[in-house]
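Shown next, in structure tokens, is the structure this report addresses.
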Amino acid sequence: MSTSVDQRPHTDTGESHGESVGDLVKHASEQISQLMRQELRLAQAEMQQKGKRFGLGGGLLGGAGVVGLLALQAIVATAIIALDLVWPLWLSALVVTGALLFVTAVLAAVGKKQVSRATPATPEQAIHSVKADVAEIKERARR
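Everything in the sequence shown is counted per the working numbering, starting at 1168 for the first residue and increasing by one.
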């Protein structure tokens, strides 16, 4: 009868196989805590990088807004000058101003409607979901 013996060398991992359950739980808790700290540091570094990009992008968008406003002013002046070919200058300016005020009123009304739809500013779906979770946990705890 032949017997087979494991010929692979045993490598010591440095851990005692005779550790108690309490020690194992303690080690697992320490490792989870360390992992969470590392994950938080990674998230913080990522958010800092994204914050820098957000700041740069916001600055560029602000610059684009200023240049766009200047372009809009040039368009208004051009419209007044073009209408001056047909009407007196004062009437051309009055018509363009009236058109701009009309557009302003429409945009303000639509914007106000959108803002009123967004109020109250509470995460209603998230609140409902949390309440449902709490109810489910209470129900399972009763069983």
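Note that beta-carbon positions come from the ideal geometry of N, C-alpha and C, so glycine has one too.
Predicted model only: the values in this text are computed from it and were never measured.
Taking the CB atoms as reference points, tell me whether residue i and residue j lie closer together than 9 angstroms.
i     : j     : result
S1259 : A1249 : yes
V1262 : V1243 : no
E1206 : H1194 : no
I1247 : L1256 : yes
Buried or exposed: where does residue i fall if 16 or more other Cβ atoms within 10 Å of its Cβ makes it buried?
i     : result
V1146 : Any property of residue 1146 remains undetermined from this structure, which presents the chain solely from 1168 to 1310.
Helix, strand or coil: which one does DSSP assign to residue i?
i     : result
R1310 : coil
G1226 : helix
T1264 : helix
L1252 : coil
G1316 : No answer is possible for residue 1316: it lies beyond the span of the chain, which begins at 1168 and ends at 1310.
A1285 : helix
Nearest-angstrom Cα distance between residue i and residue j?
i     : j     : result
G1226 : K1219 : 11 angstroms
D1190 : R1204 : 21 angstroms
V1270 : S1296 : 41 angstroms
A1241 : F1221 : 30 angstroms
V1282 : A1276 : 10 angstroms
I1304 : I1294 : 15 angstroms
L1239 : G1229 : 15 angstroms
R1284 : G1278 : 10 angstroms
P1301 : R1307 : Before going further, note that residue 1301 is Val rather than Pro in the sequence given. Roughly 10 angstroms between the two C-alpha positions.
Q1201 : P1287 : 40 angstroms
M1214 : K1280 : 34 angstroms
L1268 : A1231 : 23 angstroms
Q1211 : L1223 : 18 angstroms
R1310 : E1291 : 29 angstroms
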